[in-house]
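Heads up: the structure comes next, in structure tokens.
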Ligand SMILES: Cc1cc2nc3c(=O)[nH]c(=O)nc-3n(C[C@H](O)[C@H](O)[C@H](O)COP(=O)(O)OP(=O)(O)OC[C@H]3O[C@@H](n4cnc5c(N)ncnc54)[C@H](O)[C@@H]3O)c2cc1C
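Residue numbers (this note's numbering): 47 to 422.
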């Protein structure tokens with residue numbers, strides 16, 4: 047079989063690829079460089095290169111910026127870009143379509159489908175045209191089964207199909223429980239004199255107590271835009287803590303208040319992120335499919351970055367799948383086991399192995415000491 051005979055179908059629940067993505071991210075372009083080396087000439091929407099990178103500790107009224115030289119090298123954002131991740135996802139979807147990928151936006155993968163041997167054989171899409179109570183309306187269209195030789199699951203953190211597959215095939219029996227954080231992100235249009243294109247700022251500390259993990263980010267990009275966000279680790283012990291209210295408090299810090307005075311908030315959202323690290327990965331490969339990106343949990347927590355790993359895992363999964371389809375004799379039980387080794391041999395593993403203890407250290411010793419022990 048020739049590569050071009052392989053049919054690839056992508057199901058996306060958003061109205062278009064990128065519409066459910068929280069925009070305003072700093073991405074490490076390492077995977078994009080591998081996938082589309084001439085992305086600049088092709089007009090990929092990466093327009094703001096990081097020009098300044100600060101990390102600060104916040105108290106209620108003040109902040110202390112840590113000199114870059116004291117920061118672990120992997121926290122450095124040199125050569126990274128501040129982008130709209132929604133725009134990049136959309137741009138990539140057009141590249142994929144040009145290569146013949148069939149994309150079905152507006153379709154949810156609702157349930158995994160298994161055969162009698164417990165092999166994944168595809169997904170069932172969600173019904174359309176039901177009212178709020180679940181009753182069929184005149185526009186009702188039942189979900190359809192999409193069958194595939196291999197299904198690559200890339201739902202992001204806490205995906206519902208991912209969980210059903212993990213449960214059905216007991217894929218978490220050798221892993222630690224997953225840990226989660228909740229991240230808020232708002233895009234603001236700043237007053238011109240407050241905007242510093244390329245400036246990346248992260249903070250730890252106020253308003254969070256030391257025994258609550260989390261921190262903030264502020265990324266200046268595009269036309270007077272800033273992506274302002276706050277992450278709270280969801281293993282906090284204070285039952286009265288409200289992550290959303292902590293974010294609101296954070297915006298009253300003199301530094302942030304000054305930044306936002308006269309600015310206009312133009313979009314906002316929140317979503318979960320995985321924080322368990324490699325020890326919390328479920329088995330990545332199972333009969334008929336595999337997990338990619340944040341379906342597997344490939345976020346680097348201290349960097350707050352997972353896009354590069356998600357893309358690279360897609361590249362490696364595609365290689366393993368194409369090899370399996372071209373030469374099925376090497377495959378047993380429809381398991382793409384080559385993917386496991388490819389991940390271990392790749393820079394995804396190096397990136398995530400280095401930070402595997404960060405979350406356990408923060409949980410045990412608090413944010414400040416946890417970060418220190420990890421560093422030294
Ligand atoms: C607040 C916050 C800030 C972050 N900042 C950064 C950053 O600056 N840089 C960085 O690199 N990373 C950042 N991350 C992490 C990054 O967003 C993720 O690592 C990355 O998006 C993972 O990519 P993914 O493709 O695995 O999943 P996602 O980006 O979550 O994409 C999953 C896609 O699948 C679709 N989908 C999900 N379930 C279904 C279903 N059942 N049926 C059909 N479609 C479905 C979704 O609509 C979505 O389009 C941040 C995360 C958070 C929460």
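Backbone N, C-alpha and C define an ideal beta-carbon position, used for all residues, glycine too.
Nothing here was measured: the structure is a model prediction, and the numbers come from that model.
Using a 10 Å radius around the Cβ and a threshold of 16 neighbouring Cβ atoms, would you call residue 443 buried or exposed? Outside the modelled stretch of the chain, which goes from 47 to 422, sits residue 443, for which no answer is possible.
Tell me whether the beta-carbon of residue 246 lies closer than 7 angstroms to the beta-carbon of residue 123. On the chain shown, position 200 is the one that residue 246 refers to. On the chain shown, position 77 is the one that residue 123 refers to. Cβ atoms of residue 246 and residue 123: closer than 7 angstroms.
C-beta atoms of residue 339 and residue 359 nearer than 7 angstroms: Within the chain shown, numbered from 1, the residue matching residue 339 stands at position 293. Within the chain shown, numbered from 1, the residue matching residue 359 stands at position 313. Yes, the pair counts as a contact, with Cβ atoms nearer than the cut-off.
Buried or exposed: residue 404, going by 16 or more other Cβ atoms within 10 Å of its Cβ? Locating residue 404 in the chain shown gives position 358, where the first residue counts as 1. Label assigned to residue 404: buried.
If residue 382 sits next to residue 196, beta carbons under 8 angstroms apart, how far is it from one beta carbon to the other, in whole angstroms? Within the chain shown, residue 382 is the residue found at index 336, counting from 1. Within the chain shown, residue 196 is the residue found at index 150, counting from 1. Indeed they touch by this definition, with Cβ atoms about 6 angstroms apart.
Taking its Cβ as the centre, do 16 or more other Cβ atoms sit within 10 Å of residue 389, making it buried, or is it exposed? Taking the chain shown and counting its residues from 1, one reaches residue 389 at position 343. Buried, since its Cβ has 16 or more Cβ neighbours within 10 Å.
Straight-line Cα distance separating residue 56 from residue 262: One-based indexing of the chain shown puts residue 262 at position 216. One-based indexing of the chain shown puts residue 56 at position 10. A straight-line Cα-Cα distance of about 33 angstroms links residue 262 and residue 56.
I'd like to confirm something about residue 302: is its beta-carbon nearer than 6 angstroms to some heavy atom of ligand 1, or not? Walking along the chain shown from the start, residue 302 turns up at place 256. No - ligand 1 has no heavy atom lying nearer than 6 angstroms to the Cβ of residue 302.
Look at the alpha carbon of residue 136 and the alpha carbon of residue 113, and state the distance between them as a whole number of angstroms. Residue mapping note: residue 136 aligns to position 90 of the chain shown, counting from 1. Residue mapping note: residue 113 aligns to position 67 of the chain shown, counting from 1. Roughly 37 angstroms separates the two Cα atoms.
Using only the heavy atoms of ligand 3, determine whether one of them is closer than 6 angstroms to the beta carbon of residue 317. Among the ligands modelled here, namely ligand 1, ligand 3 does not occur.
Cα separation between residue 378 and residue 371? Indexing the chain shown from 1 puts residue 378 at position 332. Indexing the chain shown from 1 puts residue 371 at position 325. Each residue's Cα considered, the two are about 12 angstroms apart.
Unbroken beta strand (DSSP E) run spanning residue 398, endpoints: Taking the chain shown and counting its residues from 1, one reaches residue 398 at position 352. Per DSSP, residue 398 belongs to no beta strand (DSSP E); it is in the alpha helix (DSSP H), 393–399.
Check whether the Cβ of residue 66 lies closer than 6 angstroms to any heavy atom of ligand 1, and answer yes or no. If you number the chain shown from 1, residue 66 lands on position 20. Residue 66 Cβ: within cutoff of ligand 1.
Excluding the 5 residues preceding and the 5 following residue 200 in the sequence, name in chain order all residues of the same chain whose CB lies nearer than 6 angstroms to its CB. For the purposes of this step, residue 200 is taken as residue 154 along the chain shown, with counting starting at 1. Contacts found: 338, 339, 341.
Taking the Cβ atom as the reference point for each residue, do residue 194 and residue 168 lie within a distance shorter than 7 angstroms? As a first step, residue 194 must be located in the chain shown, where it is residue number 148. As a first step, residue 168 must be located in the chain shown, where it is residue number 122. For the 7 angstroms CB-CB criterion, residue 194 and residue 168 form a contact.
In chain order, what residues of the same chain lie with their CB nearer than 7 angstroms to the CB of residue 36, ignoring the 5 residues before and after it? This structure gives no information on residue 36, because the portion of the chain shown stretches from 47 to 422.
Just how far apart, CA to CA, sit residue 176 and residue 184? The count along the chain shown starts at 1 and reaches residue 176 at position 130. The count along the chain shown starts at 1 and reaches residue 184 at position 138. The C-alpha of residue 184 is placed about 9 angstroms away from the C-alpha of residue 176.
Helix, strand or coil at residue 274 according to DSSP, with G and I counted as helix: Taking the first residue of the chain shown as 1, we reach residue 274 at position 228. In this structure, residue 274 counts as strand in the three-state DSSP scheme.
What does a CB cutoff of less than 6 angstroms around residue 422 pick up in its chain, not counting 5 residues either side in sequence? Translated into the one-based positions of the chain shown, residue 422 becomes position 376. In this prediction, residue 422 has a pLDDT of 47, which is less than 50 and means its spatial position is unreliable; what the coordinates show is noted afterwards. For residue 422, where only same-chain residues beyond five positions count, there are no Cβ hits under 6 angstroms.
Distance CB(residue 101)-CB(residue 299) smaller than 7 angstroms: Residue mapping note: residue 101 aligns to position 55 of the chain shown, counting from 1. Residue mapping note: residue 299 aligns to position 253 of the chain shown, counting from 1. Cβ distance not < 7 angstroms, so residue 101 and residue 299 don't count as in contact.
Note down the Cα distance separating residue 220 from residue 343, rounded to an integer number of angstroms. The residue given as residue 220 occupies position 174 in the chain shown. The residue given as residue 343 occupies position 297 in the chain shown. Roughly 15 angstroms separates the two Cα atoms.
Hey, is the region 204–216 in contact with the region 302–309, meaning 3+ C-beta pairs nearer than 8 angstroms? no
In terms of residue numbering, what span does the alpha helix (DSSP H) encompassing residue 131 cover? Within the chain shown, numbered from 1, the residue matching residue 131 stands at position 85. Looking at the DSSP string, the run of the alpha helix (DSSP H) that includes residue 131 is 131–144.
Relative to the C-alpha of residue 349, which residue among 325, 320, 332, 365 is closest? Against the chain shown, residue 349 aligns to sequence position 303. Ranking 325, 320, 332, 365 by Cα distance to residue 349 puts 320 first.
Just the C-alpha distance for residue 143 and residue 149, rounded to the nearest angstrom, thanks. The count along the chain shown starts at 1 and reaches residue 143 at position 97. The count along the chain shown starts at 1 and reaches residue 149 at position 103. Rounded to the nearest angstrom, the two C-alpha atoms are 7 angstroms apart.
Between the region 125–135 and the region 267–285, do three or more beta carbon pairs fall short of 8 angstroms? The region 125–135 is in contact with the region 267–285.
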